[in-house]
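Down below is the structure, laid out as structure tokens.
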Amino acid sequence: MSFASPSSSASSHSLALYGWDEDWAAEFAVYADQGLVPGRVVRVDRGQCDVVTPDGAVRADTEFVVPRDPMKVVCTGDWVAVDAAGGDPRYVRTLLPRRTAFVRSTSSKRSEGQILAANVDHAIVAVSLAVELDLGRVERFLALAWESGAQPVVVLTKADLVPDPVHLSYLVQDVEATAPGVPVLTVSALHGDGLEVLTALVSDGTSVLLGQSGAGKSTLANALVGADVMDVRAARDIDGKGRHTTTTRNLLALPAGGVLIDTPGLRGVGLWDAESGVGQVFSEIEELAGRCRFQDCAHESEPGCAVLAAVDSGELPVRRLESYRKLIRENQRIVAKTDARLRSEIRREWKRRGAEGKAAMELKRGKWGWVVSDHP
Ligand code: GDP
Ligand code: ZN
Numbered sequence: 016m017s018f019a020s021p022s023s024s025a026s027s028h029s030l031a032l033y034g035w036d037e038d039w040a041a042e043f044a045v046y047a048d049q050g051l052v053p054g055r056v057v058r059v060d061r062g063q064c065d066v067v068t069p070d071g072a073v074r075a076d077t078e079f080v081v082p083r084d085p086m087k088v089v090c091t092g093d094w095v096a097v098d099a100a101g102g103d104p105r106y107v108r109t110l111l112p113r114r115t116a117f118v119r120s121t122s123s124k125r126s127e128g129q130i131l132a133a134n135v136d137h138a139i140v141a142v143s144l145a146v147e148l149d150l151g152r153v154e155r156f157l158a159l160a161w162e163s164g165a166q167p168v169v170v171l172t173k174a175d176l177v178p179d180p181v182h183l184s185y186l187v188q189d190v191e192a193t194a195p196g197v198p199v200l201t202v203s204a205l206h207g208d209g210l211e212v213l214t215a216l217v218s219d220g221t222s223v224l225l226g227q228s229g230a231g232k233s234t235l236a237n238a239l240v241g242a243d244v245m246d247v248r249a250a251r252d253i254d255g256k257g258r259h260t261t262t263t264r265n266l267l268a269l270p271a272g273g274v275l276i277d278t279p280g281l282r283g284v285g286l287w288d289a290e291s292g293v294g295q296v297f298s299e300i301e302e303l304a305g306r307c308r309f310q311d312c313a314h315e316s317e318p319g320c321a322v323l324a325a326v327d328s329g330e331l332p333v334r335r336l337e338s339y340r341k342l343i344r345e346n347q348r349i350v351a352k353t354d355a356r357l358r359s360e361i362r363r364e365w366k367r368r369g370a371e372g373k374a375a376m377e378l379k380r381g382k383w384g385w386v387v388s389d390h391p
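Take the sequence shown: its position 143, counting from 1, is numbered 158 in our numbering, and each next residue is one higher.
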């Protein structure tokens with residue numbers, strides 16, 4: 016999905032619609048002194064990007080932003096400093112430090128990461144109630160969401176297909192048990208149920224929609240954005256090439272507040288395959304593990320371990336087993352590290368909001384489910 020750009024002009028005040036706040040202003044101050052202009056990247060392609068600035072939407076070259084470092088490649092959601100009006104072409108001169116980032120990475124640390132979206136506050140994981148819950152898949156998306164630094168939210172979609180409220184509450188409980196610390200909402204785009212809570216949630220900060228194909232992401236995006244998105248999709252499908260036209264963007268200010276990012280890369284399959292990738296690479300070990308006496312065998316010293324037996328018999332090279340263990344551990348370390356980083360980020364954010372005396376949003380468990388409330 017891509018977003019139509021209804022207007023290419025943006026007043027300086029409208030940058031706030033794209034998430035500009037006092038912290039970004041403080042980060043940017045030194046560049047303002049250099050005569051540069053702030054902006055947020057709404058789309059990237061072939062070394063150039065579309066940036067919303069106080070001068071409106073501008074096209075800018077990114078060649079000055081260290082292209083050799085993959086983590087410095089400009090992506091949708093980035094805040095940047097560009098040349099003032101008059102420069103032709105305009106150049107992105109610097110990238111403001113990211114608060115959060117979705118990085119496509121493999122379990123091998125040698126492989127280079129690829130930034131898919133930056134400065135995302137809410138990672139909304141859409142899970143369809145039309146099919147049987149796959150909790151493992153939910154966990155995988157949640158791992159990806161936590162890893163980015165964004166706060167995950169699970170949205171159970173198509174709730175109209177589960178008319179029995181008792182059954183629905185069991186499904187919600189199952190997901191909640193799988194997702195500690197993650198609000199679980201139910202919505203029906205068909206009936207409009209639950210959309211108010213979701214709208215309120217995304218009205219503060221920047222959100223992305225994650226989830227399997229068919230989970231209802233486009234439908235939710237349409238409900239949040241309005242009818243335009245669907246029109247764009249239809250136009251693009253007729254075109255048949257799956258390409259974006261110059262009137263599309265991957266980041267849009269929502270009518271009720273907040274920003275929605277939807278990039279093709281974020282939707283792409285394989286993004287959350289780091290763990291299953293390990294399993295695929297070492298499929299013979301996974302197969303052997305299925306024959307261990309204990310289901311939770313760690314293949315260290317357990318009796319009846321088929322993996323160790325294969326090493327003893329020479330069928331499995333010990334080097335290969337060690338490599339497998341290393342990759343599994345690496346994955347676990349990444350998750351642990353990002354959890355710690357996330358906690359400190361959340362603390363910092365609360366401190367910031369507290370210091371500003373700004374109302375912060377909080378999700379509370381109300382009598383009728385999750386509600387969004389303001390509190391000082
Ligand atoms: P995406 O692939 O995640 O973007 O999923 P879509 O938004 O394209 O939705 C997949 C299918 O689910 C479509 O046929 C939608 O009409 C259907 N769908 C989406 N939301 C709802 C809902 O709230 N209720 C029902 N019954 N169907 C829905
Ligand atoms: Zn074993």
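The beta carbon of each residue, even a glycine, is placed where N, CA and C say it ideally should be.
Computed from a predicted model, the values in this text were never measured in an experiment.
Would you list the one or two residues that DSSP bridges to residue i?
i: residue 167; result: 138
i: residue 267; result: 275
i: residue 53; result: 96
i: residue 143; result: 172
i: residue 67; result: 55, 72
i: residue 117; result: 132
i: residue 36; result: Residue 36 is not bridged to any residue.
i: residue 60; result: 63
i: residue 110; result: 95
i: residue 105; result: 75
Mapping DSSP to helix, strand and coil, what is residue i?
i: residue 155; result: helix
i: residue 43; result: helix
i: residue 245; result: Low confidence applies to residue 245: its pLDDT is 41, below 50, so where it sits in the model is not reliable enough to give any reading.
i: residue 335; result: helix
i: residue 89; result: coil
i: residue 14; result: Nothing about residue 14 can be reported from this structure: the residues present for the chain run from 16 to 391 only.
i: residue 329; result: coil
i: residue 313; result: coil
i: residue 80; result: coil
i: residue 344; result: helix
i: residue 280; result: helix
i: residue 299; result: helix
Using only the heavy atoms of the ligand GDP, determine whether one of them is closer than 7 Å to the beta carbon of residue i.
i: residue 138; result: no
i: residue 172; result: yes
i: residue 149; result: no
i: residue 474; result: In the structure displayed, the chain extends from 16 to 391; residue 474 sits before or after that span and is not available.
i: residue 281; result: no
i: residue 175; result: yes
i: residue 230; result: yes
State buried or exposed for residue i, treating a residue as buried only when at least 16 other CB atoms are found within 10 Å of its CB.
i: residue 341; result: exposed
i: residue 35; result: buried
i: residue 206; result: exposed
i: residue 79; result: exposed
i: residue 253; result: Confidence at residue 253 is low in this model, with a pLDDT of 43, below 50, so the placement of that residue should be treated as unreliable; the coordinate-derived value is given next. Flag for residue 253 reads exposed.
i: residue 61; result: exposed
i: residue 187; result: buried
i: residue 56; result: buried
i: residue 257; result: Its pLDDT being 40, under 50, residue 257 is placed unreliably in this model, and the coordinates cannot settle the point.
i: residue 316; result: exposed
i: residue 270; result: exposed
i: residue 149; result: exposed
i: residue 185; result: exposed
i: residue 73; result: buried
i: residue 181; result: exposed
i: residue 124; result: Note on residue 124: pLDDT 43, under 50, position unreliable in the model; no value is reported.
i: residue 160; result: buried
Between residue i and the ligand ZN, is there a pair consisting of the residue's CB and a ligand heavy atom that are separated by less than 7 Å?
i: residue 224; result: no
i: residue 404; result: No answer is possible for residue 404: it lies beyond the span of the chain, which begins at 16 and ends at 391.
i: residue 337; result: no
i: residue 317; result: yes
i: residue 307; result: yes
i: residue 325; result: no
Compare the C-beta of residue i against all C-beta atoms of chain B and say whether one is closer than 8 Å.
i: residue 265; result: Here chain B cannot be found, since the structure has a single protein chain.
Answer yes or no: the CB of residue i versus the heavy atoms of the ligand SAM, is any distance below 7 Å?
i: residue 215; result: For the structure depicted, the ligand SAM is absent and the ligand set comprises only the ligand GDP and the ligand ZN.
Only counting runs of 3 or more residues, tell me where the beta strand (DSSP E) segments fall wholly within the region 163 to 242, in order along the chain.
Listed in chain order, they are 166 to 172, 199 to 201, 221 to 225.
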